[in-house]
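Input: a single structure, listed below in structure tokens.
Protein chains in written order, with the numbering used here: chain A, 7 to 418; chain B, 7 to 418.
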């Protein structure tokens, strides 16, 4: 049998070592400059492309946007989607800092640009940490200079550490994408919700690729891949002043993304983003389990997501999973109050593949099997609405007494 | 100065002793019939009017409605708003029980009706407790007969106990309303969110008055008074399969509500409902504090409620209050993600009357004063959106490690 020519162009994806510096054409520098109280913790990083990269970004929908969000948004609009570098600090979110905060974020961009020899608009800015407190610019400025001086292709892991606040572990991932027309790499790093030292969760994500990608295509691919990854996770339903997701494409790998290879780019971004997003959930405050809530046979993807999100954010479902209780009742009740209409008699609920609810009635005899599944670290909840063909998955973590302890401690 | 004649008709409200049996023309019977595992706990109550009463009710918006909700809804539609009695059991929610559950709820109404000498449609039904488990009808039926046999005007407090599941205390309240045209009484009892033995929160509320109230007017007054009381509380954002709120008007007090005295009826229902609703919050699982979130200067009441509800349901705000942390940042961030548009520079946040956030900047110097307020049992959070004239208050409780412990324990 002659191989169908379509199979020659099928994409394969393999995991690669490293994070944001796995793709060619990127370097990072990470330093301790004294923003965090610890005397050694890394708290500032610069991610730079060797030449000009195309850039795309998604920002928090919170009305209270931090200064670095406002500045990055402005820069990316002015340049039409290009950037030379991103400067990030942890330990201070530069949020609710007024006019001074905006000036400080602009200074971070300008100092990075001066050290790299580009214009300030070509630098994007991100911050995470305590809100309502001014950046110590007398430490940040020399920190930026040192980070740029130390730029190196092998320092991705240090950068992933420098952006952490209370994350229990750094999150980085990379893949090589093979297409019928050549290979390219996608890398990334992220920080998750750390709310003890700062006042709220901040999600920061940084993706890189050495494919050459026109800016509009990069933006579209970033939106599409974020929908089912970074935008499909929830730790506690909160959304911060600083949430940002960046993508840079260096073009140093020699392959140019066009209509034919665009799906491969999306796949590469999806693979890295999913790993990072689930890492954020796994590192959620007080989390002991990752929960995937899949809602299938909804009328639309939006309705599937709405039901899945309501279940994933339900404190009763999250505490039940924490206690390894196969409590189908709380899942049914959360679905029932999600605002999506469905026929309760066509609803089914599976936990770990075990049927617990069907035709309006429980299958409590199966509860012990589901209970054993819930004792593991990864929990699967499946809800079938029986009303259409659309499906969606939302990832979350369990709710533990440790979450309350972390977030109930006095700030000072 | 001659008194303005308008003052002669001003309503005054004074607290009265008792609960649902404080108004004339009502009797209750409460028994232990063996639905709850305890050998003595009251678990069934009948609230009966001496003659036919007008009736109104509001039911859960959850798609998974329990059998008693379906039956009560049907009965009140068929009679056009009259009832002789309400039969309530605790210990079993009769939810997710299919065809058998519906038959059991109908039997509860029929048995009560037979004992009272009315038709089944004149009896309303409510249940709270474990879901997905069938009612033990061999215990419920004799229980109903005994409860009817024991009907007495002085047993309101026993009824308030009989409807409890894991409520830490019974909730009942009554007032006398004096109008320019005579006085009437409003009484009530409620049960709150108890999720340890059952699978979810159930809110049940029962209001009585000895005014004569036409059914449409009673329904309208109930909706209006519930909006800012029973519908303005949240323990964890959950909404159960069994939530029900009933109002019965006996007419035994001699005053008939018309257009002129309608506002006084609403005021009376509001006074009793507010006390019961705040009692539910105070008795919320693991709660140590009641939090009132007032959002003012919104464009519309709906927008004020939406912002207040987002803040009240924020796990970060609730844990911060639990830890007595005057964390304005979490309040600002919750308002910012509520979906309501406002100008962050016109937003102000007060905690316990102390200004913590204004013009985009914090007032951290005032944090210790707000921190002392947060150490009390009643917390006031005020948010001013600076965009209109509408205001709303939502009551909630703090989030403690005890909540997680209660809800994370294995069911069996």
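A virtual CB, placed ideally from N, CA and C, is assigned to each residue, including glycine.
Per-residue DSSP class, three states only, for residue i
i, result
"residue 223 (chain B)", "helix"
"residue 188 (chain A)", "strand"
"residue 76 (chain B)", "helix"
"residue 197 (chain B)", "strand"
"residue 177 (chain B)", "strand"
"residue 38 (chain B)", "coil"
"residue 367 (chain A)", "strand"
"residue 271 (chain B)", "helix"
"residue 236 (chain A)", "helix"
"residue 248 (chain A)", "coil"
"residue 215 (chain A)", "strand"
"residue 128 (chain A)", "helix"
"residue 58 (chain A)", "strand"
"residue 335 (chain A)", "helix"
"residue 309 (chain B)", "helix"
"residue 8 (chain B)", "For residue 8 (chain B), the predicted structure reports a pLDDT of 43, less than 50, and the residue's modelled location is therefore unreliable. A value from the coordinates is still provided. Coil, per DSSP."
"residue 404 (chain B)", "coil"
Member of the options whose CA lies at the smallest distance from the CA of residue i
i, options, result
"residue 159 (chain A)", "A:260, A:267 and A:34", "A:34"
"residue 305 (chain A)", "A:46, A:291, A:348 and A:315", "A:348"
"residue 358 (chain A)", "A:340, A:384 and A:337", "A:384"
"residue 407 (chain A)", "A:175, A:325 and A:174", "A:325"
"residue 265 (chain B)", "B:114, B:259, B:226 and B:370", "B:226"
"residue 178 (chain A)", "A:189, A:171, A:165 and A:190", "A:165"
"residue 66 (chain A)", "A:182, A:58, A:76 and A:223", "A:76"
"residue 78 (chain B)", "B:221, B:130 and B:370", "B:130"
"residue 124 (chain B)", "B:59, B:44 and B:279", "B:59"
"residue 255 (chain A)", "A:283, A:282, A:312 and A:194", "A:194"
"residue 222 (chain B)", "B:61, B:388 and B:389", "B:61"
"residue 220 (chain A)", "A:257, A:340, A:412 and A:190", "A:257"
"residue 82 (chain A)", "A:253, A:328, A:239 and A:338", "A:253"
"residue 282 (chain A)", "A:369, A:386, A:96 and A:239", "A:239"
"residue 361 (chain A)", "A:342, A:321 and A:334", "A:334"
"residue 30 (chain B)", "B:380, B:259, B:97 and B:122", "B:259"
"residue 176 (chain B)", "B:284, B:368, B:136 and B:379", "B:284"
"residue 277 (chain A)", "A:180, A:342, A:46 and A:112", "A:180"
"residue 314 (chain A)", "A:343, A:183 and A:331", "A:343"
Own chain partners of residue i with C-beta closer than 8 Å, once the 5 adjacent residues on each side are dropped
i, result
"residue 267 (chain A)", "185, 187, 217 and 261"
"residue 310 (chain A)", "301, 302, 304, 391, 396, 397 and 398"
"residue 241 (chain B)", "198, 199, 207, 286, 287, 290, 291, 293, 402 and 403"
"residue 40 (chain A)", "49, 142, 145 and 149"
"residue 338 (chain A)", "350, 353, 355 and 363"
"residue 336 (chain A)", "320, 322, 323 and 326"
Proximal residues to residue i (C-beta, below 6 Å), its chain only, five neighbours per side dropped
i, result
"residue 85 (chain B)", "127"
"residue 173 (chain A)", "197, 198, 200 and 289"
"residue 37 (chain A)", "50, 149, 152 and 153"
"residue 116 (chain A)", "126"
"residue 272 (chain A)", "227, 230 and 231"
"residue 307 (chain B)", "396 and 398"
Per-residue burial, residue i [other beta carbons within 10 Å of its own, 16 or more giving buried]
i, result
"residue 377 (chain B)", "buried"
"residue 316 (chain A)", "buried"
"residue 345 (chain A)", "exposed"
"residue 382 (chain A)", "exposed"
"residue 3 (chain B)", "Not covered by the structure: residue 3 (chain B). The range shown for chain B is 7 to 418."
"residue 16 (chain B)", "exposed"
"residue 133 (chain B)", "buried"
"residue 21 (chain B)", "exposed"
"residue 351 (chain A)", "exposed"
"residue 279 (chain A)", "buried"
"residue 44 (chain A)", "exposed"
"residue 190 (chain B)", "buried"
"residue 299 (chain B)", "buried"
"residue 332 (chain A)", "buried"
Same chain only: Cβ atoms within 7 Å of residue i, ignoring 5 sequence neighbours per side
i, result
"residue 10 (chain B)", "In this prediction, residue 10 (chain B) has a pLDDT of 45, which is less than 50 and means its spatial position is unreliable; what the coordinates show is noted afterwards. No residues qualify anywhere along the chain."
"residue 405 (chain B)", "321, 324, 325 and 328"
### Message
Could you check whether the stretch 39–59 of chain B touches the stretch 80–91 of chain B, counting it as contact only if at least three pairs of C-beta atoms, one from each stretch, sit closer than 8 Å?
### Response
yes
### Query
Does the stretch 13–33 of chain B come close enough to the stretch 210–226 of chain B that 3 or more CB-CB pairs lie under 8 Å?
yes
#### Entry: Stretch pair the stretch 151–170 of chain A + the stretch 230–247 of chain A: three plus CB contacts closer than 8 Å
no
### Message
I want to know whether the stretch 63–72 of chain A touches the stretch 138–147 of chain A - three or more CB-CB distances under 8 Å.
### Response
no
### Query
Taking one C-beta from the stretch 97–105 of chain A and one from the stretch 244–252 of chain A each time, how about it: are there three or more such pairs within less than 8 Å?
yes
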